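This report refers to the structure that appears directly beneath it.
Residue numbers (my numbering): 223 to 577.
Here's what the structure looks like:
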């Protein structure tokens with residue numbers, strides 16, 4: 223694999239890579255420990271905004287103002303700044319090592335869950351900056367969190383690939399929804415454009431390894447959808463993934479039946495080497511970041527995505543399902559991006575906070 227990546231496969235390179243992974247794992251453990259401190263309670267931090275925090279409990283009560291104020295105080299204090307700075311330091315490391323076996327959920331499940339929580343916490347600090355009117359802090363806080371998901375890029379498990387793409391979607395959605403406008407932010411949007419272009423989710427997709435087969439062996443691999451999931455896998459996925467990523471897994475396991483029932487295209491048209499690319503995470507974020515950059519440069523969104531070419535993009539990113547650009551709908555002061563492949567009419571991305 224090192225040779226394929228253009229790296230010298232020497233003993234020194236091998237040990238340097240292993241040390242890098244060991245150091246990255248140690249740094250990650252330090253960040254996890256920081257989040258567990260009693261004064262750093264982040265369980266109710268928002269996914270997309272701070273206006274509608276909902277307490278995650280059985281009663282579903284709206285968070286009280288005093289509780290919001292306390293969470294903002296912690297986020298904006300030394301602990302929050304230290305966490306964001308620590309996440310930014312993860313850029314030094316190529317990957318991490320899980321303790322134990324890849325077939326043991328107890329080994330890597332909590333690690334994935336903590337990485338997800340860490341990214342959401344870091345992204346929530348950007349939402350709090352938006353909420354408190356500190357516009358200049360939004361994009362720097364989101365940029366600082368971008369190295370976290372890359373630690374999962376070379377992990378062999380399919381579930382790691384799903385979490386990897388999902389974390390990028392969380393961050394990308396925040397950039398699109400909360401990112402401010404103005405020429406002073408143009409370089410920030412260029413950064414995010416280059417960031418999403420550098421992502422590679424395909425290495426995880428359709429990798430028929432013994433590990434994936436072992437994890438998924440309890441599924442019925444017939445042409446019908448399963449009515450009940452393996453409880454172990456469901457237990458792992460539930461805290462890890464939002465609904466979108468859960469659909470990724472269902473589609474991977476049942477693509478013929480699933481696509482035939484939920485899309486207006488025959489299954490053979492969607493037989494791609496990567497179901498993550500089929501979902502279009504990378505392409506839709508690239509389109510949205512280009513639109514944000516266009517508005518920063520011109521003071522408004524374009525009437526059509528065709529205006530992005532060639533000033534910002536060499537060509538429009540295509541929906542991997544339809545092989546057409548994403549449908550762009552310009553509202554009064556924000557835009558929505560849709561995929562024509564899905565019968566559901568909800569947008570993939572919206573460029574305003576939904577408070």
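C-beta atoms are modelled at their ideal positions from N, C-alpha and C, and glycine is treated no differently.
Predicted model only: the values in this text are computed from it and were never measured.
DSSP has residue 353 in a bridge; who is on the other side? None; residue 353 has no bridge partner.
Suppose you measure from the CA of residue 352 to the CA of residue 573; what does that come to, to the nearest Å? Between the alpha carbons of residue 352 and residue 573 lies a gap of roughly 14 angstroms.
Would you kindly work out how many angstroms separate the C-alpha atoms of residue 253 and residue 541, rounded to a whole number? 36 angstroms
Spatial neighbours of residue 457 in its chain, beta-carbon cut-off 7 angstroms, leaving aside the 5 residues before and after: Note that residue 457 scores 41 on pLDDT, short of 50, meaning its location in the model is unreliable and no value can be drawn from it.
Do you know how far the Cα of residue 295 is from the Cα of residue 618? This structure cannot settle anything about residue 618, because the visible part of the chain is limited to 223 through 577.
Give every residue of the same chain whose Cβ lies closer than 8 angstroms to the Cβ of residue 506, excluding the five residues on either side of it in the sequence, and list them in chain order. Taken in chain order, the residues that qualify are 539, 541, 548, 559, 561, 570 and 571.
Opposite residue 413 in the DSSP bridges: which residues? Answer is none; residue 413 lacks a bridge partner.
State the DSSP-derived secondary structure class of residue 319, mapped to helix, strand or coil. coil
Strictly by DSSP, which residues pair up with residue 572? Paired residues: 558.
Beta-carbon contacts of residue 552 that lie in its chain and below 7 angstroms, excluding the five residues immediately before and after: Close CB contacts of residue 552 within its chain, under the 7 angstroms cut and outside five residues either way in sequence, are with 523 and 525 (chain order).
Could you check whether residue 341 and residue 387 sit closer than 7 angstroms to each other, using their CB atoms as the reference points? no
Among 290, 376 and 389, whose alpha-carbon lies nearest the alpha-carbon of residue 336? 389
Which value, in whole angstroms, describes the spacing of the CA atoms of residue 338 and residue 367? 11 angstroms
Buried or exposed: where does residue 404 fall if 16 or more other Cβ atoms within 10 Å of its Cβ makes it buried? Of the residues assessed, residue 404 falls on the exposed side of the cut-off, its CB having fewer than 16 other CB atoms within 10 angstroms.
Exposure label - residue 255; buried when at least 16 CB within 10 Å: exposed
Close-in-space but distant-in-sequence residues of the same chain around residue 243 (CB under 8 angstroms, 5 per side omitted): Same-chain partners within the cutoff: 315, 316, 317, 318 and 319.
Measure from the alpha carbon of residue 300 to the alpha carbon of each residue in 544, 257 and 333, then state which is nearest. 257
Within 10 angstroms of its Cβ, does residue 363 collect 16 or more other Cβ (buried), or is it exposed? buried
Bounding residues of the beta strand (DSSP E) (the contiguous stretch that carries residue 550): 549 to 552
By the three-class DSSP mapping on this structure, what secondary structure does residue 540 have? strand
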